[in-house]
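Report on the following structure.
There are 2 protein chains.
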Amino acid sequence: MRSPAQNAQLALLLEVSGTPKPGNVDRHREYDDLRFEHFVAGAVGSTPGLELAQQGAAVGRAFERGVAGMAEQTAGNTQFGALLLLVPLVRAASSDPGAALTPQAARDVVRATTVEDACDFYRAFEHVDVGVDDPPSDLEALDVRWGARVEPTLRERELTLFDVMELSAGVDGVAREWTQEFSRSFGAADWIEAGDGPVSERAADAFLRLLAEEPDTFVGKRRDRATATEVVERAQDALDGAIDPEELATEFVRRGINPGTTADITAAALFIALERGLSV
Amino acid sequence: MRSPAQNAQLALLLEVSGTPKPGNVDRHREYDDLRFEHFVAGAVGSTPGLELAQQGAAVGRAFERGVAGMAEQTAGNTQFGALLLLVPLVRAASSDPGAALTPQAARDVVRATTVEDACDFYRAFEHVDVGVDDPPSDLEALDVRWGARVEPTLRERELTLFDVMELSAGVDGVAREWTQEFSRSFGAADWIEAGDGPVSERAADAFLRLLAEEPDTFVGKRRDRATATEVVERAQDALDGAIDPEELATEFVRRGINPGTTADITAAALFIALERGLSV
């Protein structure tokens, strides 16, 4: 059977295969400079990092290696946030191979992260441009765009990777998963497992439900809060049948509204479902 | 950078991502019981076999492991023929990591196969249903549908895997690549490298050129010679602009004409191009 690292890779690939996923690259829609094949190459490239996590390597180190491999394609950042969820989940799934993957196991992994993990996390930003805002003034010294130069501050303040995630949880939906026992990822895994039909269609359905649930923080950062709120409302309209999800997908891609955080959580949900026995 | 095993996996994924590829599963077309996601899971599952080949394991053993992993999805055979090309190519690419991958290196690998490799090859048929015809009466004892039960015959006649491929080269386009220094795979790699634009589009173009070049032996076996000949002519019409490749793709899928051997060679060509430095 597939290993956790293989399931994580498959989750990344199934996530981008699902369609329609309004605003995201999927099997039927792409941006000129961010294409389906870049996500495929990103998933393949990230494997060594996922395998490190499976072998019990530190979360920060495995993440940094995963991002370095992911970035070996011409579009830059494709799955940074997804890897930030998948790496601790792979660690959790590998720590007790016979046991079911639980929110508690995931919580234990992220709470055990260290200052070294935080340093490696910042190092990962040197491989790719990740869309982030200016940090609030009290967090300027921790601006991720400084990459490895933040290391002295992390050591001085004794900040673990979990601490760093807690500081961002208010503005970043991926960080919030770290601090809330991956609750949306596990919830969406339940939806995917309860569905039937092709797995990539179920993933697209889960994506739309997540999108209607709360504002996508990547859209909030790259665009603005009003757009993020509009996305929630339009996704709900699509769920209610008031608008066609295919049309919404085409419109969002045209407008460059790309709900990346929701895609990251969908990938995590797929991984959890696969680990629990979902067959493709 | 990506390892040969990773490039082989990426080749499998880019092959199925290319569209339109008349009659094959691609990013926009699938069969109810043979879907895009089955090919994705097949590519992920085959990785341990590809890694064995990279580590220098025997070709038959690596192939059998690759097929076993590939088959861990619900559609059965997705990339049997592609793996039969990729495994020796990965071996060749790994044997001299600094050197360019050449037809000579591939030839050396397949000519060095043994009776053990032939036994493992037959064992691989136990994992999946592969579409084959009744063999000619003089080859009845070597019918692949007998799987591992053919082993005594292989040992008695001292048939290597290369010998087995030579016996099928007249009726099987994948076996013919083994005996002809992978000439079509290397030729199509040249086309892909010479092109520009998205790699998956170049792969789809290469597929159409291969399809117009000679009858697809999988179509010949699953359907008949007349259909295989028709496919060549229609593919040429599509290349000449007389018909729309998208329409041809839709028509072939509707009629269940699935040129699998041509897809296998396209995957091999993508691998060769990636090994030679093609970037995605």
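Protein chains in written order, with this note's numbering: chain Y, -1 to 278; chain U, -1 to 278.
Note that the Cβ used here is the ideal one computed from N, Cα and C, for glycine as well.
As the structure is a prediction and not an experimental result, all values here were calculated from the model.
- In the three-state scheme derived from DSSP, where H, G and I count as helix and E and B as strand, Leu276 (chain Y) is classed as coil.
- Residue range Arg223 to Asp238 is occupied by the alpha helix (DSSP H) that includes Arg223 (chain Y).
- For Met163 (chain U), the enclosing alpha helix (DSSP H) covers residues Leu159 to Ser166.
- A distance of 8 Å or more separates the beta carbons of Gln77 (chain U) and Ser1 (chain U).
- In the structure shown, Leu206 (chain Y) adopts helical secondary structure according to DSSP, grouped into three states.
- In its chain, beyond the 5 residues on either side, Pro101 and Glu175 have a beta carbon closer than 8 Å to the beta carbon of Ser181 (chain Y).
- Residue-level contact check: Met163 (chain U) does not touch chain Y, since none of the beta carbons of chain Y fall below 8 Å from its beta carbon.
- By alpha-carbon distance to Glu62 (chain Y), the top candidate from Y:Asp203, Y:Glu179 and Y:Phe123 is Y:Phe123.
- Partner residues in the beta bridge of Tyr29 (chain U), as assigned by DSSP, are U:Leu32.
- The beta-carbon of Pro134 (chain U) is placed no less than 8 Å from the nearest beta-carbon of chain Y.
- Under the Cβ criterion of 8 Å, Gly43 (chain Y) is counted among the residues facing chain U.
- Around the Cβ of Arg232 (chain Y), a 10 Å sphere holds 16 or more other Cβ atoms; the residue is buried.
- Between Leu81 (chain U) and chain Y, the shortest Cβ-Cβ separation is not below 8 Å.
- DSSP places Glu70 (chain U) in the coil class of the three-state scheme, outside both helix and strand.
- At a cut-off of 8 Å between beta-carbon atoms, Pro196 (chain U) makes contact with chain Y.
- In terms of Cα proximity to Arg200 (chain Y), the closest of U:Val126, U:Glu35, U:Asp203 and U:Leu140 is U:Glu35.
- Near chain Y, meaning a CB-to-CB distance below 9 Å, no residue of the segment 114 to 130 of chain U qualifies.
- For Val128 (chain Y), the secondary structure class from DSSP, reduced to helix, strand or coil, is coil.
- Among the CB atoms of chain U, one or more fall inside 8 Å of the CB of Met(-1) (chain Y).
- Taking the C-beta atoms as reference points, Met68 (chain Y) is found no nearer than 8 Å to Gly96 (chain Y).
- Cβ neighbours of Val126 (chain Y) within its own chain (closer than 8 Å, five residues either side excluded): Val65, Met68, Ala69, Gly74, Asn75 and Phe78.
- Exposed is the label assigned to Glu156 (chain Y), since fewer than 16 other Cβ atoms lie within 10 Å of its Cβ.
- Nearest Cα to Gln4 (chain U) within the set Y:Ala224, Y:Gly129, Y:Thr215 and Y:Gly40: Y:Gly40.
- The criterion of a C-beta distance shorter than 8 Å is not satisfied by Leu48 (chain Y) and Ala98 (chain Y).
- Between Leu209 (chain Y) and Pro20 (chain Y), the gap from beta carbon to beta carbon is short of 8 Å.
- Your pair Ala90 (chain Y) and Ala265 (chain Y) does not check out as a contact, with CB atoms roughly 15 Å apart and the cut at 8 Å.
- Just so you know, the alpha carbons of Ile190 (chain Y) and Leu11 (chain Y) end up roughly 15 Å apart.
- Sequence-distant partners of Ala104 (chain U) (beyond 5 residues in either direction) whose C-beta falls short of 7 Å from its own C-beta, in its chain, are Pro86, Leu87, Ala90, Glu179 and Phe180.
- Phe180 (chain Y) carries a coil assignment under DSSP once its states are collapsed to helix, strand and coil.
- C-alpha of Val230 (chain Y) to C-alpha of Asp30 (chain Y): approximately 25 Å in a straight line.
- For Leu87 (chain U), there are no neighbours in chain Y by C-beta distance under 7 Å, as the nearest C-beta there is about 17 Å away.
- Assignment of Phe123 (chain U) by DSSP, reduced to helix, strand and coil, places it in the coil class.
- Here the alpha carbon of Ala202 (chain Y) sits roughly 16 Å from the alpha carbon of Glu212 (chain Y).
- Cβ-Cβ separation between Leu152 (chain U) and Val113 (chain U): approximately 6 Å, consistent with a contact (criterion under 8 Å).
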